[in-house]
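Colleague: Protein chains in written order, with this note's numbering: chain W, 47 to 713; chain E, 6 to 490; chain L, 188 to 287.
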Amino acid sequence: MLAYLLLLVPTPPLAGFVLLALDPYRLDRRAVRAAALVAGCAPLVVMAPMALAHLTKFWGDQIAPIFTLHVGNYEVALAVGLDTLSAVTALTVTFVSACVLIYALDYMSGARNADLRRFFALMNLFQAGMLSMVLAADSITFFLGWELMGLCSFFLISYNMTSPRAFAAGQKAFVITRIADAALLAGLLLLFLEAGSVRLAELIPAGAALDTARGPLIAALLLVGAMGKSAQFPFHTWLPTAMAGPTPVSALLHSATMVAAGAVLLARFAPVLAANDSVAAATAVAGVVTALFGAASAVAQTDVKRLLAYSSISQIGYMLVAVGVGVPAVAMAHFVVHALFKSLLFMASGVLAHAGAGGTSIAALRGTARRAPISFAAFAAGAASLAGLPLVTAGWWSKEAILASAFEAGWLGLGVWAVGLTAAALTAVYAFRPVFTALRAPETETPRGRESWLAVGPLVVLAVLALAGGLGVKPLTELLGGHPPHPALWVELAGAAAALLGIAGSAAVTFLPALAGRVARARRLRAGLQMDARYYALLVRPYRRFVRRLSGGRGEWVTRVVAPGRGTEGVERELEGAVRHARQPEGATSDPVGQATVVLGLWVWRALLLPFSPDRMDMAWMQGARGIGRAAERARRLQTGRVRDYALALALGLAALLLIGWGMTWR
Amino acid sequence: MALIAQLLLPFFGGFAALLAARTGRDRERWVAIAAMAATLAALAAGVALGDDGRWLAFYRADWAPSFGIQVLLAMDGLTAAMLAISSGLGIISVFISWHVTHRSALFHAAICWTVAAANGVFLSFDLLIFAFFWELMIVPAFLLIALWGHGDREAAAIKFLVFNAVAGLGLLAAVFWMGATSDPVTFDAFALAETEYSETAQILLLLGFALAFMVKLPVPPFHAWLPDAHTQAPTAGSILLAGLLLKTGAYGLFRFPPMLFPDALMALAGWGMALGAFGVVYGGILACGQTDAKRLVAYTSVAHMSIVLMGVCGGVHFALIGAGVEMIAHAFSSSALFLLIGALQHRTGTRDLRELGGLQKTAPAFATSFALFFAAALAMPGTANFLGEALVITGMFQVNWVFAAIALVSLVVSVVYATRLIGGIAFGAPKPAVENAPDLHRYELWPIAILGLCALVFGLFPQLLIGWLWTAVEAALQPLIVVQP
Amino acid sequence: MTGVSVLLAIAAGLFAAGLFGVLARRTILMQLISLEIMLAGPALAFVAAGAHHGMVEGTAMFLIVLALAAAEVALGLAIYLQLRRDAGDGDADAARRLRG
């Protein structure tokens, strides 16, 4: 029975969403913030004891059925459940989102009340979606949460409604993730058909046991779904532009939780992947390529939020590597650590940007170390964790575990390890660029800014965890059923060296004008290899042209096929009206297939009509009618009006009658 | 009795509304509402007192015995759902047309008659009576478009009339053929279902039926009347078109071809699914190209109803139940969207997405409602629309994965047109047309709320809908399963 | 040629002369006179035939013809007066408003 408490985890944010979105009580600002806070933090309060009880083995795996759907012979049994994976991810998500919401109370304080409501309503809905996804014990609830996140992501990225850029970014994110979601849905449905159940507990073993061609197909579809949501190369283009959303959104959705959901998905379905070597290898390769690509692009960024976005892409690449080489537990450990330090980095960068010269460019951060020292310290801690500063940061422990696992995973793993190591060095380079820039003296001296405790509180907590959390990586991995790798000492040293080398490189890039200039000129790299432009040219523009050609044509061909009005009249003139309407209905868009039917109808009509359009029978009738008229014209001349003429006629008639009568009596 | 009431109450309600208009202001509105509310009540009573077997209620009486024509009405879960939608949308149409004053009596009578004729289509199992109601339905809808429409309304109304009347001929010809060849002469669908036809005859008859249904549905290339009719129709007309008339096509497709011509349906199923798949993508792509909000939603209707065609032709449990769910879900979501756009047009005088925008700032409740049905239109899980599409796609995976893949493409395209719609209406700085637009008022808010609740409740608790439709799905599948190898 | 035949021939002559008068004269008065002459023809024929057959009906028919002639003259004179008043003279051909 206690398992039903799980339902209480996504419920408060959902209630918060309903309350804030429908606004039945005309809430004022205070009430809105209070409602958002309560709804946002309640999941943590409910989840923390349950997760701890489970992680300490005090409470076993739980499952709380919601309802069961009967479709023919199939049962669709919806449920939420608690196992180690969901306990860890749910705890992380509730914790990070509580931190971000507290931070957002301060960050969003300048917004209008209506916007505030919208913002928190969507944040709460997002929380509900994410939580129902991580707690789902069946694929339908899982997909429900997954899609809700996508929806909220769209609305939150385009939160700034008056900005066309923000809307375009939201639309792009939504479309790209939806492409991947369609693949995921296909994978889940196929899995459902194979297993005959939606319960993950039956679905995943059934998927892993498949030995037909459908096995790799399903695994590949799941991989595509994860890559889309996690903005992995080549789906990554939506994430950097998604930074058009407010900073708390970036901190929660586009770094810590939602984009990492792909990794959660793969960790969840790891047995299916593991059963298909080729797909597992593809996962590792895709992950490491993305890790390198993201890190290299991040180095060239001039905007701190975009830098962090590329960093998220790269870090989730590492998680994919871990899943690909068969250690999902390590991937999830990195998921937890990454959620902590990445949300920290985003939130701290938000405070620093406010304290700085304005704007989120890295150059504008100059001098902020002095103006907002606490936030700067927190940012530095996060950056250190991201860069993987050896031993003292959580990031080092988790990333090192991934690299070491890759190293132990055969010849392909060796290659992955080498590339991953390069990416790790690059990570340190970009992670410390904002830190070093912030340390530089500002161009204009300004007094120390105010740092609200609402904003700083979460930062401090997260900073402590981002550093000290390293102690938890090993136990966490073991809890999740993985075995922490034990690599050779030189492998670990190589990892440490890469980080340190990277930090040195970062200092060089920041302080040496020649190198800094080169980074500033790396425009191609900054634009993420211009994948955006390529997609635009390859997909978006042709699609738009296609749509325009299909729907925007003038439809001259309609006239050509059915040419009306060649010296015709009557019915033909009506036909002309119909043709005009078929060519260009009101609303001025054409529709070739729909028009084709109309044109065909008109053509047949015309073909039937024209041979008969001078209707011969009708003409004969009309001729007859005209003849009667003429005859009448003649007949009227008989009527002279003269009495004498009539009398003559009478007499002649009488004479004729008499003659006839005489003839009748003739014998 | 409850079944007869479904036909007579709205029919005579229409005449009562005509007469009541002379007695005082707004009387005709209340009479129309009362008639349809009574219809709903009768339906509720009929369902509550319904039998457990194949049919909830059944009624048979002779009409013209020498020609074998009967009044043969039957109701199962699917029918009951359609009847509830029909009367419910009728009431909603009256409420959101409070601003209509021009020939208001006839307007409300036409709404009542549309409901009555659609109810006749949903209930009749005597094919001749079915065909009669099928044709009858066109008349009040034609009046609604031609008399109270916007812009080029005569042309749109005539287009609607020609398409549907010509397509109805196919149905009529098939029905006459079946009646004439039966011995003794009967139009009883259950009796005719037992008749053995030659394969060619089955296919020809099916094509006759399918022509009528596919034009009403509508599936490309028979959809050309829909965008024009929707854009030119008054709001109530759009709601009834989307929520009711299109559904009669889907209902007919669901009910009769599997029952009467299972062999032919299975023989042509591949073509049907292909046409449906084409319609899904084509409707979606054209929806992306529209600047007129109502045209956009009209094209999404084409896409969604094509999914119903795919589902019916799928011939497996998932596909058929998905088709049933989709057509009910679409009745809620698209009529709500038409309602919202109609209300917006009434306020701003335009439906052009380029002239709209910024509604979120000036009318937040409006924008929130749009967002809800935006989610439904792009088949967000949790709405009934997702349920329908996911079930059809599952069925397609069982039948032919190519069609499943095409249906999945529609998920992506739906995001493009849905974001276009909401982006054009709710986002951006308030345009001049929108600046002084008042928010939703009471008479608009509660229909929206009811439609939204329906979309969400059936999406979140699908068993309600699936259990309700199941007997109909089983009945439709039974002959198909026999046919399938 | 017996007596009756002579009388019938005279009657026919009277009728023909009257008819000629009706057709040839334009003055209404003269036409009325001619009509009277025409009526006299059959009247004579009735009387002759009655006498020939020894039946009284012939004479009776003569009386009826006489009454008919009186009525006709009454009508005819009324028309004549009307025409005189309208057209100024008694020209029957001038009164042709019924021409087609």
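Think of the CB as a built atom: it goes at the ideal place given N, C-alpha and C, for glycine as much as any other residue.
Taking A470 of chain W as the reference, give the member of W:L190, W:A544, W:L526, W:F220 with the closest Cα.
Modeller: For the residues W:L190, W:A544, W:L526, W:F220, the minimum Cα distance to A470 of chain W belongs to W:A544.
Colleague: Keeping to the same chain, check which residues put their C-beta closer than 7 Å to that of L456 of chain E; ignore five residues upstream and five downstream.
Modeller: Counting only Cβ-Cβ distances below 7 Å, and skipping sequence neighbours, we find F337, S340, A341.
Colleague: Chain L partners of V644 of chain W, CB-CB under 9 Å?
Modeller: By Cβ distance, chain L contributes nothing, its closest Cβ being about 55 Å from V644 of chain W, past 9 Å.
Colleague: Counting Cβ pairs, one atom from each stretch, are 3 or more of them under 8 Å apart for the segment 325 to 335 of chain E and the segment 396 to 413 of chain E?
Modeller: Touching, per the Cβ criterion.
Colleague: Quick one: Cα of A477 of chain E to Cα of D81 of chain E, how far?
Modeller: Whole-angstrom Cα-Cα distance: 7 Å.
Colleague: Excluding sequence positions up to five away, which residues of its chain have a Cβ less than 7 Å from the Cβ of L338 of chain W?
Modeller: If we look at L338 of chain W and ignore the five residues flanking it on each side, its Cβ neighbours are V465, T468, A469.
Colleague: Mind listing the chain W neighbours of H228 of chain E? Cutoff is C-beta to C-beta under 7 Å, in chain order.
Modeller: Going along chain W in sequence order, the residues near H228 of chain E (Cβ under 7 Å) are G640.
Colleague: Flag R286 of chain L as yes if its beta-carbon sits less than 7 Å from any beta-carbon of chain W, otherwise no.
Modeller: Chain W, which has a Cβ nearer than 7 Å to the Cβ of R286 of chain L, makes this yes.
Colleague: Between the segment 251 to 262 of chain L and the segment 192 to 209 of chain L, can you find at least three pairs of beta-carbon atoms closer than 8 Å?
Modeller: Flag = no, the segment 192 to 209 of chain L and the segment 251 to 262 of chain L do not touch.
Colleague: Kindly indicate which three-state DSSP category F63 of chain E falls into: helix, strand or coil?
Modeller: Looking at F63 of chain E - three-state DSSP - the assignment turns out to be strand.
Colleague: So with Cβ pairs under 7 Å, would you call A465 of chain W a contact of chain E?
Modeller: According to the sequence provided, residue 465 of chain W is Val. The question's Ala does not apply to it. No, V465 of chain W lies away from the interface with chain E (no Cβ there is under 7 Å from its Cβ).
Colleague: For M80 of chain E, which beta-bridge partners are listed by DSSP?
Modeller: In DSSP, M80 of chain E forms a bridge with E:A62.
Colleague: Show which residues of chain W have a CB atom less than 9 Å away from the CB atom of A279 of chain L.
Modeller: Within chain W, the residues near A279 of chain L are R688, V689, R690.
Colleague: Whose C-beta lies closer than 7 Å to the C-beta of G277 of chain L among residues of the same chain, with five residues either side of it excluded?
Modeller: Cβ within range, chain order: T214, I215, L216, Y267, L270, R271.
Colleague: Distance, Cα to Cα, A49 of chain E vs A43 of chain E?
Modeller: So the two alpha carbons sit approximately 10 Å from each other.
Colleague: Check whether the Cβ of L694 of chain W lies closer than 7 Å to any Cβ atom in chain L.
Modeller: It does: the Cβ of L694 of chain W has a partner Cβ on chain L nearer than 7 Å.
Colleague: So that I know if they touch, is there some Cβ in chain W lying closer than 7 Å to that of G320 of chain E?
Modeller: Chain W, which has no Cβ nearer than 7 Å to the Cβ of G320 of chain E, makes this no.
Colleague: Are the C-beta atoms of G613 of chain W and some chain E residue less than 7 Å apart?
Modeller: Low confidence applies here, because G613 of chain W scores a pLDDT of 45, under 50, leaving its location unreliable and the question unanswered by this model.
Colleague: Is the shortest distance between the beta-carbon of M714 of chain W and the beta-carbons of chain E less than 7 Å?
Modeller: Since the first residue of chain W shown is 47 and the last is 713, residue 714 of chain W is not available in this structure.
Colleague: So which residues on chain E does A232 of chain W lean against when the C-beta distance must stay under 8 Å?
Modeller: Correct list: I398, F402, A409, A410, L413.
Colleague: Quick check for students: name the residue ranges of the alpha helix (DSSP H) that lie wholly in the segment 219 to 302 of chain W, counting only runs of 4 or more.
Modeller: If we require 4 residues or more, the alpha helix (DSSP H) runs fully inside the segment 219 to 302 of chain W come out as 246 to 255, 260 to 275, 284 to 287, 293 to 297.
Colleague: Please list the residues of the segment 251 to 285 of chain L that have a C-beta atom closer than 9 Å to any C-beta atom in chain W, keeping them in chain order.
Modeller: Under the 9 Å Cβ criterion, the segment 251 to 285 of chain L contributes A279, D280, A282, R283, R284, L285.
Colleague: Smallest Cα separation from C145 of chain W: which of W:F557, W:F392, W:N322?
Modeller: Closest by alpha carbon: W:F392.
Colleague: Can you tell me which residues form a DSSP beta bridge with L128 of chain W?
Modeller: BP columns for L128 of chain W point to W:Q108.
Colleague: Assuming contact is defined by CB atoms lying nearer than 7 Å, are S296 of chain W and V244 of chain W in contact in what I supplied?
Modeller: For S296 of chain W and V244 of chain W, no; Cβs fall outside 7 Å.
Colleague: With a cut-off of 8 Å, do at least 3 Cβ pairs link the segment 349 to 368 of chain W to the segment 162 to 171 of chain W?
Modeller: No, they do not touch.
Colleague: Look at the alpha carbon of M142 of chain E and the alpha carbon of A53 of chain E, and state the distance between them as a whole number of angstroms.
Modeller: When rounded, the distance between both Cα atoms is 28 Å.
Colleague: How should D31 of chain E be labelled, buried or exposed, when 16 other C-beta atoms within 10 angstroms of its C-beta is the threshold for buried?
Modeller: Flag for D31 of chain E reads exposed.
Colleague: Using a C-beta to C-beta distance shorter than 9 Å, which residues of chain W count as neighbours of P559 of chain E?
Modeller: Summary: the structure shown does not reach residue 559 of chain E, with chain E confined to residues 6 through 490, and so no result is reported for it.
Colleague: Establish whether the CB of Q468 of chain E and some CB of chain W are separated by less than 7 Å.
Modeller: Yes, because at least one Cβ of chain W sits closer than 7 Å to the Cβ of Q468 of chain E.
Colleague: Are W284 of chain W and I359 of chain W close, meaning C-beta to C-beta below 7 Å?
Modeller: No, the Cβ-Cβ distance between W284 of chain W and I359 of chain W is not below 7 Å.
Colleague: So what does DSSP say about S204 of chain W, is it helix, strand or coil?
Modeller: Coil.
Colleague: Could you give the distance in angstroms between the alpha-carbon of L174 of chain E and the alpha-carbon of G254 of chain E?
Modeller: Near 14 Å, if we compare the C-alpha coordinates of G254 of chain E and L174 of chain E.
Colleague: Can you list the residues of chain L that A697 of chain W reaches, using a CB-CB cut of under 8 Å?
Modeller: Chain L residues near A697 of chain W: L206, L210.
Colleague: With 16 as the cutoff for other CB atoms within 10 Å, does Y205 of chain W come out buried or exposed?
Modeller: It is buried - the Cβ of Y205 of chain W has at least 16 other Cβ atoms within 10 Å.
Colleague: To the nearest whole angstrom, what separates the beta carbons of V371 of chain W and G459 of chain W, a pair I think is in contact under 8 Å?
Modeller: Sure, about 5 Å apart at Cβ, within 8 Å.
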